[in-house]
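Colleague:
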Amino acid sequence: MAQSLKRFAPGSTADLRYVLTDGRIEMCWPCRVVEDSDDLVALFIAKGSKYKADPKRTAAEKRAEPSPQAPTGEFIWRVETLRLMFPGKAHSVWLFWEGDGDARQLTKFLINMEEPFRRTPIGFDTQDHTLDIVVQPDLRWKWRDEEETENHVREGFFTAELARFARDEGISAIEAILRAEHPCLDGWPEWTPSSDWEVPVVSAEWAHAPPTFWHRRAWAYGVSE
0 MAQSLKRFAP GSTADLRYVL TDGRIEMCWP CRVVEDSDDL VALFIAKGSK YKADPKRTAA
60 EKRAEPSPQA PTGEFIWRVE TLRLMFPGKA HSVWLFWEGD GDARQLTKFL INMEEPFRRT
120 PIGFDTQDHT LDIVVQPDLR WKWRDEEETE NHVREGFFTA ELARFARDEG ISAIEAILRA
180 EHPCLDGWPE WTPSSDWEVP VVSAEWAHAP PTFWHRRAWA YGVSE
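Residue numbers (numbering that gives the first Met the number 0): 0 to 224.
1. Got a sec? Which residues, its chain only, sit under 8 Å from K141 by beta carbon, not counting five neighbours each side?
2. Quick one: using the 10 Å Cβ neighbour count with 16 as the cut-off for buried, is P65 buried or exposed?
3. Using alpha carbons as the reference points, say which of E160, E197, D21 lies closest to Q68.
4. Can you tell me which of the three DSSP states T148 falls into?
5. Relative to the C-alpha of W96, which residue among G87, A89, H90, K107 is closest?
6. From P192, R216, W187, I121, pick the residue whose C-alpha is nearest to that of L15; which is it?
7. Quick one: grab the DSSP three-state call for P188.
8. Can you tell me whether A79 is buried or exposed? The criterion is at least 16 other CB atoms within 10 Å of its CB, across all chains shown.
9. From this set, F43, P209, I176, which residue's C-alpha is nearest R77's C-alpha?
10. Going by the CB atoms, is the gap between F164 and A89 shorter than 9 Å?
11. Helix, strand or coil for E168 per DSSP?
12. Considering only their Cβ atoms, is the gap separating Y17 from Q126 smaller than 9 Å?
13. Between which two residues does the alpha helix (DSSP H) containing R216 stretch?
14. Can at least three beta-carbon pairs, one atom from the stretch 141-160 and one from the stretch 181-190, be found at a separation below 8 Å?
15. Are at least three pairs of beta-carbons, each pair with one atom in the stretch 150-162 and one in the stretch 57-64, less than 8 Å apart?
16. Tell me A179's beta-bridge partners as DSSP assigns them.
17. Answer with yes or no whether the minimum CB distance from D137 to chain D is below 9 Å.
18. Could you check where the alpha helix (DSSP H) with E60 kicks off and where it finishes?
19. Let me know the secondary structure DSSP gives R139 once reduced to three states.
20. Output the distance between the C-alpha atoms of P54 and W205, rounded to the nearest integer angstrom.
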């Protein structure tokens with residue numbers, strides 16, 4: 000089904016959703032599509048965008064009180080962000096900028112471990128795997144949220160196999176960046192959004208469009224199909 004869905008034209012808007020294992024929606028961002036090709040989906044999250052989410056919680060807090068079917072909160076995105084997603088890959092790379100005009104500068108990259116994305120009629124679905132790598136513009140780097148990833152395994156949200164898989168994915172991605180072979184370095188640090196783009200909003204269907212699921216979720220989360 001996913002392969003038959005439309006491509007998004009540059010400049011169009013799309014909803015990017017985090018969909019949990021049981022189909023609940025955890026977060027949703029309104030994005031401007033920069034590129035949608037066989038090799039790359041590039042989505043821009045503008046500073047000032049209103050995105051759907053509830054306050055961040057630990058794995059133990061999630062276990063004690065499951066989240067609702069869709070988030071009830073709304074927050075303001077504070078930093079210009081370009082999210083690069085690669086078909087079939089279990090990570091995306093986020094680029095962050097601060098400042099305007101001549102003062103605009105890239106502040107960091109974030110390698111975000113996640114499910115390979117799926118297309119939907121309103122945009123794209125994935126699920127966050129918690130573990131990240133923060134990369135400075137000079138390519139110094141460090142892991143982030145290692146302990147919370149372990150907590151997700153202890154609380155039964157992730158299998159130990161998924162945690163190892165996510166770490167291996169991160170190592171592969173950072174090694175490609177350090178070799179200057181990762182596509183996130185192919186002109187994207189110098190990219191700027193169109194001055195004509197207004198800040199988009201989520202679609203009317205963001206909470207109602209049927210969720211999509213990773214075909215490896217039984218292995219990743221220990222659930223039955």
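Heads up, the beta-carbon is just placed ideally off N, CA and C, and yes, glycines get one too.
Note that the coordinates shown come from a computational prediction; the quantities given were computed from them, not determined experimentally.
Modeller: So, from the data block:
1. Position 142 of the sequence shown, counting from 1, holds the residue named residue 141. Cβ neighbours of K141 beyond the five flanking positions: I132, V133.
2. As a first step, residue 65 must be located in the sequence shown, where it is residue number 66. Answer is exposed; the Cβ neighbour count stays below 16.
3. For the purposes of this step, residue 68 is taken as residue 69 along the sequence shown, with counting starting at 1. Among E160, E197, D21, the Cα nearest to that of Q68 belongs to D21.
4. Reading the sequence shown from its first residue, position 149 is the one you call residue 148. It is helical.
5. Position 97 of the sequence shown holds residue 96. Per the Cα distances, K107.
6. In the sequence shown, counting from the first residue as 1, residue 15 sits at position 16. Among P192, R216, W187, I121, the Cα nearest to that of L15 is on I121.
7. For the purposes of this step, residue 188 is taken as the residue at position 189 of the sequence shown. P188: helix per DSSP, three-state reduction.
8. On the sequence shown, residue 79 is found 80 positions in, with the first residue counted as 1. Here residue 79 turns out to be Glu, not Ala, going by the sequence shown. Counting Cβ neighbours within 10 Å, E79 comes out buried, since at least 16 surround it.
9. Taking the first residue of the sequence shown as position 1, residue 77 is located at position 78. Here the closest residue by C-alpha is F43.
10. Indexing the sequence shown from 1 puts residue 89 at position 90. Indexing the sequence shown from 1 puts residue 164 at position 165. It is a contact, given that the beta carbons lie within the stated cut-off.
11. The residue given as residue 168 occupies position 169 in the sequence shown. DSSP places E168 in helix when its eight states are reduced to three.
12. For this step, residue 126 is matched to residue 127 along the sequence shown. For this step, residue 17 is matched to residue 18 along the sequence shown. Cβ distance < 9 Å, so Q126 and Y17 count as in contact.
13. Here residue 216 refers to the residue found at position 217 when the sequence shown is read from its first residue. R216 -> alpha helix (DSSP H) spans 216-220.
14. no
15. yes
16. For the purposes of this step, residue 179 is taken as residue 180 along the sequence shown, with counting starting at 1. Paired residue(s): none; A179 is not in a bridge.
17. Checking the listed chains, one finds no chain D in this structure; it contains a single protein chain.
18. By one-based count along the sequence shown, residue 60 stands at place 61. Here the alpha helix (DSSP H) through E60 covers 58-63.
19. Indexing the sequence shown from 1 puts residue 139 at position 140. Correct three-state label for R139: coil.
20. For this step, residue 54 is matched to residue 55 along the sequence shown. For this step, residue 205 is matched to residue 206 along the sequence shown. Spanning the two alpha carbons is a distance of roughly 19 Å.
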